[in-house]
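Asker:
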Amino acid sequence: MSSSPFGNMHTNSGNYGSRSSMEEEILQRFFRQQQSPYGSYSDRARYRPRRAFYVNGVDVSQLFDMANSRASGINPFSRNSTPEQYEEQNRPRSIFVTKVTVPLEELYSGVGRKQFKQKSNFFSRHIAAFRGGWAAQIGLNSFLTSLPLLFRVSWLVSLIAFLATFSLSLPSPPIQDIFYSKIKPGWKEGTKLTFKSVEPGTDVVFVIREGKHDKFERDGNDLRTSVKIGTKQASKGCTITIDPLGQNEDKIQFKIASGEITAKRQYMKTLKGQGWPNSNGRGDLHVQIDVVPQKHIDRIYKKKRRKRKQEV
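1 is the number of the first residue of the sequence shown in the UniProt record's numbering; add one for each residue after it.
#1: In this structure, how does DSSP classify R131 when only helix, strand and coil are distinguished?
#2: Does the contact criterion of 3 or more C-beta pairs under 8 Å hold for the stretch 181-192 versus the stretch 107-115?
#3: Three or more C-beta pairs under 8 Å: does that hold for the stretch 151-161 against the stretch 231-241?
#4: Report yes or no: do the stretch 187-202 and the stretch 243-258 share at least 3 C-beta pairs separated by less than 8 Å?
#5: Does the count of Cβ pairs from the stretch 125-145 and the stretch 89-104 closer than 8 Å reach three?
#6: Thinking just about the alpha-carbon of each residue, which of D214, L168 and K196 is nearest to the one in F123?
#7: Can you tell me whether I300 is buried or exposed? The criterion is at least 16 other CB atoms within 10 Å of its CB, across all chains shown.
#8: Output yes or no for whether 8 Å exceeds the beta carbon distance between Q274 and Q288.
#9: Specify, as a first and last residue, the run of the alpha helix (DSSP H) that L107 falls within.
#10: Answer with buried or exposed for S142, where buried requires no fewer than 16 other C-beta atoms within 10 angstroms of its C-beta.
#11: Using DSSP with H/G/I as helix, E/B as strand and the rest coil, what is F122?
#12: For S21, count the other beta carbons within 10 Å of its own beta carbon; 16 or more makes it buried, fewer makes it exposed. Which is it?
#13: Distance, Cα to Cα, residue 315 vs T165?
#14: Within 10 Å of its beta-carbon, does S40 have 16 or more other beta-carbons around it, so buried, or fewer, so exposed?
#15: Quick test of your reading: K232 and Q294, contact by CB under 8 Å. State the CB separation rounded to the nearest angstrom.
#16: Select from G246, I208, E25 and Q247 the residue whose C-alpha is nearest the C-alpha of K117.
#17: Within the continuous beta strand (DSSP E) that includes V157, where are the two ends?
#18: What is the DSSP secondary structure of S235, reduced to helix, strand or coil?
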């Protein structure tokens with residue numbers, strides 16, 4: 001025999017007026033405890049935190065909270081949700097998506113505040129309505145509006161009326177077209193930045209695309225780059241210095257021992273923990289070393305010296 005949180009209180013399956021005096025007393029005690037001198041009852045029901053109410057050592061206030069929320073239209077599974085918020089979250093909407101290119105070095109190091117510009121046109125309005133589920137509701141209303149013309153005039157006039165009504169009923173792009181967001185280190189292509197309810201029933205989403213870098217390329221959580229060395233450096237050994245992808249990082253240096261590179265024209269060197277940042281640390285950096293004739297390396301050095309002199 002299960003025990004009730006109301007103890008030995010007599011329960012009646014009839015209407016509210018037929019409850020026992022003990023049950024009436026418990027209800028009155030509960031509602032007196034929940035009363036607050038600030039705001040209306042509807043405001044308290046929406047925003048106030050639930051207070052514990054014990055009967056025979058058992059907290060039964062959640063039973064009253066669920067009953068009150070259902071009666072007032074509040075989602076009982078969300079304590080801080082109002083009817084307006086619940087409706088806004090579940091209503092059809094237009095979702096405007098814009099693809100933006102972010103330089104690889106900014107995705108690698110992160111940016112404290114970056115500007116994004118939302119672009120829209122005639123076609124993006126239609127795509128946004130279909131993407132967010134609003135097009136179905138607008139299409140139904142447009143069909144019902146143009147249906148009488150199908151019987152009274154012709155199918156062509158009805159079709160034109162349907163298309164015109166549908167297009168004119170689509171939500172306009174949001175007035176705000178400039179947005180700002182932080183870029184965290186290690187974000188990759190395909191990351192989505194979502195700005196909810198920019199206007200009623202309108203969301204704005206930016207999809208990040210990686211910009212190309214002249215030296216580095218991302219491969220999963222790893223980075224890839226390449227350097228050129230001469231035949232003398234390959235045979236005798238040398239120290240290779242690479243400018244990092246991040247601006248505030250030290251230069252990457254590693255040694256090639258004498259005889260490490262044999263007759264191969266290409267050699268792959270892997271540096272652990274020097275790759276793309278992620279939640280588990282950082283990936284690896286794969287450096288492709290191309291061995292070229294020494295005269296090509298001498299030409300490269302001469303060009304660099306000329307540029308330095310011109311800059312000075």
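Cβ atoms here follow ideal geometry from the backbone N, Cα and C, with glycine treated the same way.
Answerer: Taking the definition as stated:
#1: DSSP places R131 in helix when its eight states are reduced to three.
#2: Contact between the stretch 181-192 and the stretch 107-115 is present, because at least three Cβ pairs lie under 8 Å.
#3: The answer is no - the stretch 231-241 does not touch the stretch 151-161, with fewer than three Cβ pairs under 8 Å.
#4: Too few Cβ pairs lie closer than 8 Å, so no.
#5: Flag = yes, the stretch 125-145 and the stretch 89-104 touch.
#6: Nearest option by C-alpha distance: L168.
#7: I300 should be labelled exposed.
#8: The answer is no: Cβ separation not under 8 Å.
#9: Boundaries of the alpha helix (DSSP H) around L107: L104 to S109.
#10: Answer is buried; the Cβ neighbour count reaches 16.
#11: Residue state, collapsed to three classes: helix.
#12: Exposed, since its Cβ has fewer than 16 Cβ neighbours within 10 Å.
#13: Since the first residue of the chain shown is 1 and the last is 312, residue 315 is not available in this structure.
#14: Only weak support is given to the placement of S40: the predicted model assigns it a pLDDT of 42, under 50, and the value that follows is read from those uncertain coordinates. Under the 10 Å beta carbon count, S40 is surrounded by fewer than 16 other beta carbons and is classified as exposed.
#15: The pair is a contact, with the Cβ atoms about 5 Å apart (cut-off 8 Å).
#16: If we check each option's Cα against that of K117, I208 comes out closest.
#17: Per DSSP, V157 belongs to no beta strand (DSSP E); it is in the alpha helix (DSSP H), W155 to S169.
#18: In the three-state DSSP reduction, S235 falls in the helix class (H, G or I).
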